[in-house]
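Numbering (our numbering), first residue to last: 1108 to 1261.
Shown next, in the form of structure tokens:
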């Protein structure tokens, strides 16, 4: 009878050790993800250089294919700024295709917001950033494409 009790506790001990190891590995993975730092976008090479209107048109023609091609890639977009949105801690610049209302919105890195604040509607610029992808808004009936970690390309 004593051997049956030791056998049951042996399995319990193995399960507890495995659970503890999973907890340690899971905690390390979560810590890595939350503390991950990105290379400054200005130091990264662009995978693509495009004009704003051609870029928007490509998403309008098929955002699924365009998302596969551009999402999480560094892209330089050349075009005319249509709108600027500034707040205390954020700066967003928009390039809008007037015929359809579709737009690209660029969110700037903290270190590059001062330079982005100087840009005005009508300015022709090159912006480099990480493409987050695009989607069609059925409410607005427009395509929108978002970028993160943007910088003014030099």
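The C-beta atom is built at its ideal place from N, Cα and C for all residues, glycine as well.
Bear in mind that the values here come from a model prediction, so they are computed numbers and not experimental data.
Rank the options by C-alpha distance to the C-alpha of residue i and give the top, closest one.
| i | options | result |
| --- | --- | --- |
| residue 1207 | 1214, 1133, 1250 | 1250 |
| residue 1199 | 1179, 1260, 1221, 1215 | 1215 |
| residue 1218 | 1140, 1147, 1117, 1116 | 1147 |
| residue 1061 | 1257, 1260, 1259, 1240 | Nothing in the structure corresponds to residue 1061, since the chain is present only between 1108 and 1261. |
| residue 1181 | 1151, 1160, 1175 | 1151 |
| residue 1167 | 1257, 1154, 1133, 1203 | 1203 |
So, at 8 Å on beta carbons, what are the nonlocal neighbours of residue i in its own chain, with the 5 sequence-adjacent residues on each side left out?
| i | result |
| --- | --- |
| residue 1127 | none |
Please state whether DSSP places residue i in a helix, a strand or coil.
| i | result |
| --- | --- |
| residue 1150 | helix |
| residue 1180 | coil |
| residue 1260 | coil |
| residue 1239 | strand |
| residue 1217 | helix |
| residue 1108 | The predicted position of residue 1108 is uncertain, since its pLDDT is 48 and thus under 50; no value can be drawn from it. |
| residue 1192 | strand |
| residue 1200 | strand |
| residue 1225 | coil |
| residue 1209 | coil |
| residue 1169 | coil |
| residue 1163 | helix |
| residue 1246 | coil |
Short of 7 Å in beta carbon distance, which residues of its chain neighbour residue i, apart from the five on each side in sequence? Order them along the chain.
| i | result |
| --- | --- |
| residue 1248 | none |
| residue 1223 | 1198, 1200, 1215, 1259 |
Using a Cβ-Cβ cutoff of less than 6 Å, which residues in the same chain neighbour residue i once the five nearest sequence positions on both sides are dropped?
| i | result |
| --- | --- |
| residue 1185 | 1158, 1233 |
| residue 1183 | 1153, 1156, 1233, 1235, 1260 |
Starting from residue i, follow its DSSP beta bridges and name the residues at the other end.
| i | result |
| --- | --- |
| residue 1185 | 1158, 1233 |
| residue 1252 | 1211, 1241 |
Cβ of residue i less than 9 Å from any chain B Cβ?
| i | result |
| --- | --- |
| residue 1223 | The displayed structure is made up of one protein chain only, and chain B is not part of it. |
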